[in-house]
Amino acid sequence: MVINNTSSSLIDILRQRRQRLASLIDFPAILWSGSSNPRNFPANVFPFRASSHFLYFAGLPLPNVAIRLDAGKLELFMDDPQPNSALWYGEMPQRHEIAAHIGADDAKPMAELESCLEDAATVAVQDAATWTQQSQLLNRWVLPQKSPIGIDLELAKAIISLRLTHDADALVQLQKAAAVSVAAHKAGMAATPKAKIEAEVRAAMEGVFIAHNMTTAYNSVVTVHGEVLHNEHYHHPLQPGDLLLVDVGGETEMGWAADITRTWPVSGQFSATQKDIYNIVLAAHDACIAKIYPGVEYADVHLLATNIIAEGLVDLGILQGNAEDLVEMDAHALFFPHGIGHLLGLDVHDMEDLGDLAGYDEGRQRSDRFGLSYLRLNRPLRPGMLVTIEPGFYQVPAILNEAKLHPTYQKLVNWERLSHFHDVRGIRIEDDVLVTENGTEVLTAALPNNISAVENLCK
Ligand code: GLY
Ligand code: MN
Ligand code: MN
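Heads up: the sequence shown at position 80 corresponds to 83 in the working numbering, and the numbers run straight through without jumps.
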């Protein structure tokens, strides 16, 4: 871990975050950073990613440490590097140097944590070694896949209320993640004419993150098979006539994410059928962003997208009936099966380690309707929230084959007409939208999304 100059503004912002936490809870919180997972043998590990809740209050991606937050004070628990680690990893900062960097009030060896656990709440860390340690030390199950209860639940709710809206330091990081991700997408578009397979476009894009000492915020999707929503294969050849669906976002060194999707033609020119569908998705995207304003329900933004997509597909003759009725019957979800977006911050799906606690307002639960069940955010929007807007259109064989046999859905689709759109397997357009006092700021607006500008970038 390299630490640069201690910035007083970082220390100030971290202090403010823990003061705000102290105003919400009256018990101590202990947050573990997590540890590296072995890849194939113990010394060969996957890249370390610190727990986001830890990062929010500690500001540094340190492995194998814990912080105790109590009444606005921060105690750091960390072992000094082993004497022989300098051989392999170079000189590492000592505990007291890290403590000074993050403005800790005290710093102790890890072994002393055991005597500071009384009445402490925590949040489960994803890696098994750490949640096992959390469970053993706290003498209760602390499991990432289980909803927190008792004081752990109170702590989770307090952290959510802080992380739901972003402070000035977070916004600087999020803007950086967005700007570098925009550059990565432009590099991907520019690399497409000469690329033979998807992997070459991915390489051009992820190289931009590496050059900024950043990583991807999630596994990149760079695929000519956009109908596979989480396609993580990169071996397909790029053929003229294909659309490339590219969902790639970067993460800053401090862990803040961007999440962008563009869909562009391998040949540099959309076909007429591709243009028709692309413009429906873009109309939904633009209308949703225009609707965002403090107080607006995010679920209503989703419903706006479903209506525009249903209406557009009726106009093209693909769906049959009245758009509102079709949405009532979830027919739009045959082609747009996911939600309009989600929270974005330190996690690409921010705070989804806590299930729906962050995404769903108190007392709300996921619908079991096909057209609503994948909606990840259902809250009124507030200034400082960052959300994605990502409508799409997909021809997912598993969904459409079932619809063909379904007594209701089979009649709502004009299958013959749909067959003319066989060169549109998947389109998504995704941007990162900050809710402001007056509406929105699109952090990823520097990346064009209209047809002619995208075509120009691909030439
Ligand atoms: N990249 C993940 C998502 O768009 O939700
Ligand atoms: Mn997204
Ligand atoms: Mn995405």
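In this text, a Cβ means the ideal position worked out from N, Cα and C, and glycines have one as well.
8 Å CB neighbourhood of Trp144 in its chain, flanking five on each side removed | Ser138
Do Thr226 and ligand 1 come close, with the Cβ less than 7 Å from some heavy atom?
-> no
Verify whether the separation of the beta carbon atoms of Gly374 and Ala326 is less than 8 Å.
-> no
Thinking just about the alpha-carbon of each residue, which of Phe273, Ser223, Val227, Ala286 is nearest to the one in Asp262?
-> Ser223
Which term fits Asp245, buried or exposed, when burial requires 16 or more other beta carbons within 10 angstroms of its beta carbon?
-> buried
Tell me whether the beta-carbon of Val445 lies closer than 8 Å to the beta-carbon of Ile292.
-> yes
Within 7 Å: the Cβ of Glu235 and any heavy atom of ligand 1?
-> no
Relative to ligand 2, is the shortest distance from any of its heavy atoms to the C-beta of His345 smaller than 7 Å?
-> yes
Of the residues Trp35, Asn282, Asn404, Phe338, the one placed nearest Leu232, counting alpha carbons only | Phe338
Go ahead and pull the three-state DSSP assignment for Asp356.
-> helix
At which residue ranges does the stretch 245-298 contain complete beta strand (DSSP E) runs of 3 or more residues, listed in the order of the chain?
-> 246-251, 263-268
If you pair each beta-carbon of the stretch 111-124 with each one of the stretch 12-24, do three or more pairs fall below 8 Å?
-> no
Taking the alpha carbon of His104 as the point to measure from, which residue in Glu157, Leu167, Leu17, Ser39 has its own alpha carbon closest?
-> Leu17
In terms of residues, what are the limits of the beta strand (DSSP E) holding Gly395?
-> 395-397
Cβ distance (whole Å) where Ile432 is taken to contact Arg265 below 8 Å | 7 Å
Where Met217 and Leu141 are concerned, what is the direct C-alpha to C-alpha distance, given to the nearest angstrom?
-> 34 Å
With 16 other CB atoms within 10 Å as the buried threshold, where does Tyr92 fall?
-> exposed
Please name the residue or residues paired with Ile430 in a DSSP beta bridge.
-> Phe396
Cα-Cα, which of Ala131, Ala159, Gln178, Pro66 is closest to Asp435?
-> Gln178
Leaving out five residues before and five after Arg367 in sequence, what residues of the same chain have Cβ atoms less than 6 Å from its Cβ?
-> Asn381
Helix, strand or coil at Tyr363 according to DSSP, with G and I counted as helix = strand
Tell me where the beta strand (DSSP E) around Leu337 begins and ends.
-> Looking at the DSSP string, Leu337 is not in any beta strand (DSSP E), and its letter there is neither H nor E.
Can you tell me whether DSSP reads Phe80 as helix, strand or coil?
-> strand
The beta strand (DSSP E) with Lys189 in it runs from where to where?
-> Run containing Lys189: none in the beta strand (DSSP E); it sits in the alpha helix (DSSP H), 171-194.
Which one or two residues does DSSP pair with Lys111 in a beta bridge?
-> Phe80
Ligand 1 heavy atom lying under 7 Å from the CB of Tyr221 | yes
Does at least one heavy atom of ligand 3 sit under 7 Å from the Cβ of Thr218?
-> no
Supposed contact pair Val390 and Leu322 - C-beta distance, whole angstroms, cut 8 Å | Not confirmed; about 27 Å, so no contact.
When every heavy atom of ligand 2 is checked, does at least one fall within less than 7 Å of the C-beta of Glu157?
-> no
Beta-carbon spacing of Leu167, Ala361 below 8 Å | yes
Tell me where the alpha helix (DSSP H) around Asn459 begins and ends.
-> 454-460
Kindly indicate the opening and closing residues of the alpha helix (DSSP H) around Phe212.
-> 201-214
State the Cα-Cα distance for the pair Ile454 and Phe51, rounded to the nearest angstrom.
-> 39 Å
Can you tell me whether DSSP reads Leu2 as helix, strand or coil?
-> No answer is possible for residue 2: it lies beyond the span of the chain, which begins at 4 and ends at 462.
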